[in-house]
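Numbering (the UniProt record's numbering), first residue to last: 1 to 120.
Pasting the structure below:
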């Protein structure tokens, strides 16, 4: 199921798509694409990154948030979302819950390794 809402900042409009089924529907149900963009329309028609590519890009985003000690809610900023969209329209911004999950998984993966390194 798909529902559409519109947000706007200045002269550009964003179309907010709510996906009720799909790979991230259990974690997050929002994706963004600009309404008046050819690339945005291509994204809406299914031309996106592979799951692996999207996962790697989300990890880069989380790495940036962690390394610069940024608040997770920065990804909800309309200005930040617009900036990311202008850089790469195919990137689907994760929600805060997804970012928290990635941070938690990264911590659970890294902590035992760090502990082993320090015990040697």
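Idealized CB from N, CA, C, for every residue including glycine.
Exercise. Does the beta-carbon distance from residue 58 to residue 89 come in below 7 Å?
Worked result: The residue you call residue 58 lines up with position 58 of the chain shown. The residue you call residue 89 lines up with position 89 of the chain shown. No, the pair does not count as a contact, with Cβ atoms beyond the cut-off.
Exercise. Cα separation between residue 78 and residue 103?
Worked result: Along the chain shown, one-based indexing puts residue 78 at 78. Along the chain shown, one-based indexing puts residue 103 at 103. Approximately 22 Å, taken between the alpha carbons.
Exercise. According to DSSP, is residue 106 helix, strand or coil?
Worked result: As a first step, residue 106 must be located in the chain shown, where it is residue number 106. DSSP places residue 106 in helix when its eight states are reduced to three.
Exercise. Between 92, 71, 108, which lies nearest to residue 51 when the distance is taken from Cα to Cα?
Worked result: As a first step, residue 51 is located in the chain shown; it is residue number 51 there, counting from the start. Checked all of 92, 71, 108; the closest Cα to residue 51 is 92.
For this session: Determine, using beta-carbon pairs with one atom in the region 53-68 and one in the region 98-118, whether at least three such pairs fall under 8 Å.
Result: yes
Exercise. Among residues of its own chain, excluding the 5 on either side of residue 117, which ones have a beta-carbon nearer than 8 Å to its beta-carbon?
Worked result: Counted from its first residue, the chain shown places residue 117 at position 117. Nothing meets the Cβ criterion.
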